[in-house]
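Asker: Submitted below is the structure of interest, expressed as structure tokens.
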Amino acid sequence: MILFRKSQSREQIDEWTLLLASASIPYTVQLEENGWVIYVDDVNAERAENLFAQYTRENREWISEEEKTGSSKIIISALIVSVTLVGIYLLMRWSETGDRWYRIGGASAEHIVSGEWWRAVTALFLHANLPHVLSNAAFCWLFCSAVVRLYGSGLGWFLILAAGASGNLLTAYVYRTAHLSVGASTALFGAAGLLGVWRFSAGRKVKFLRKRAWVYLAAVVALMAFLGVGERVDLVGHLSGGVAGCVFGYFANRLFRDPIPKSWQLVLVFIDLCAVLLAALLAVSRL
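Taking the working numbering, the leading residue of the sequence shown gets 42, the next gets one more, and so forth.
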């Protein structure tokens with residue numbers, strides 16, 4: 042038997058031994074002076090190393106450059122978006138023409154189906170009342186900062202915006218007429234979907250990790266159900282946002298196995314801003 046791995050953490054040793062057991066590789070564990078040690082026979086040593094290398098590649102947690110260098114930028118970006126949501130609401134309420142913004146920027150199913158796609162974006166920044174915008178701003182800081190921590194500022198906000206807009210588009214094509222909604226909650230449910238799928242995909246390759254992944258995903262679904270209950274809540278919109286987030290999260294995890302370089306993150310931030318600005322300009326042209 043030769044030394045294969047050692048660690049002072051029993052939990053880490055248990056994880057490694059479960060991985061070896063899943064591949065039917067014999068091993069022994071001993072507690073020595075410097076901690077726990079795993080031994081495997083020399084015949085299976087190479088196979089064990091290949092197994093661990095594959096496991097590391099397939100189950101490496103997707104951490105952005107911002108997470109590696111600190112979380113201050115992540116918190117600031119989420120805070121800026123939350124303050125922007127509240128600021129836009131107050132501006133609309135204090136403006137004499139505020140009601141017109143809701144008419145040209147709300148997610149009207151009839152207008153979206155007729156070709157006014159930009160409403161799917163502008164509606165994310167409009168809110169019905171003060172409690173509505175304050176709750177969404179708070180959950181934006183909670184969910185969106187977590188997404189940005191995983192994917193980076195550029196890709197993270199791109200996925201959140203895409204999930205929110207896609208959720209509004211899907212909702213519009215479900216109702217087609219007689220439906221109008223506003224609010225960032227569709228994007229927030231998209232962020233929750235992104236988080237759930239990311240955690241699930243992180244453990245999809247190894248059987249003993251699936252239990253943890255499903256528990257996390259179930260917790261996200263339960264939270265979505267809790268936030269999506271109420272007399273005037275757009276259940277279809279919330280569900281559409283969550284589904285869109287799951288879809289975008291699945292493909293993001295498939296396409297981006299490693300953190301995106303900072304230069305590309307900046308490009309995606311620029312694309313995010315351009316998309317929002319373009320939607321706002323198209324809405325203004327309807328005034």
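Think of the CB as a built atom: it goes at the ideal place given N, C-alpha and C, for glycine as much as any other residue.
DSSP on Arg217, reduced to helix/strand/coil?
Answerer: coil
Asker: Return the residue from the list Val284, Val127 and Ser304 that minimises the CA-CA distance to Pro172.
Answerer: Val127
Asker: Does the beta-carbon of Trp135 have 16 or more other beta-carbons within 10 angstroms, so that it is buried, or is it exposed?
Answerer: exposed
Asker: Distance cutoff 8 Å, beta carbons only. Does Ile301 sit that close to anything in chain B?
Answerer: This model lacks chain B altogether; it includes just one protein chain.
Asker: Can you tell me where the beta strand (DSSP E) with Ser48 in it begins and where it stops?
Answerer: Ile43 to Ser48
Asker: Check whether the Cβ atoms of Thr227 and Ala150 sit closer than 8 Å, and answer yes or no.
Answerer: no
Asker: Any idea what DSSP makes of Gly147, helix, strand or coil?
Answerer: coil
Asker: What number of angstroms, rounded off, separates the C-alpha of Ser281 from the C-alpha of Asn209?
Answerer: 7 Å
Asker: Is it the case that the Cβ atoms of Leu61 and Ala89 are separated by a distance below 8 Å?
Answerer: yes
Asker: Looking at the secondary structure, which residues open and close the alpha helix (DSSP H) in which Ile54 lies?
Answerer: That run of the alpha helix (DSSP H) goes Arg51 to Ser63.
Asker: For Gly278, is the classification buried or exposed, using 16 other Cβ atoms within 10 angstroms of its Cβ as the cut-off for buried?
Answerer: Buried, by the Cβ-count rule.
Asker: Grab me the residues of Arg51's own chain with a C-beta within less than 7 Å of its C-beta, minus the 5 sequence neighbours each way, in chain order.
Answerer: Trp77
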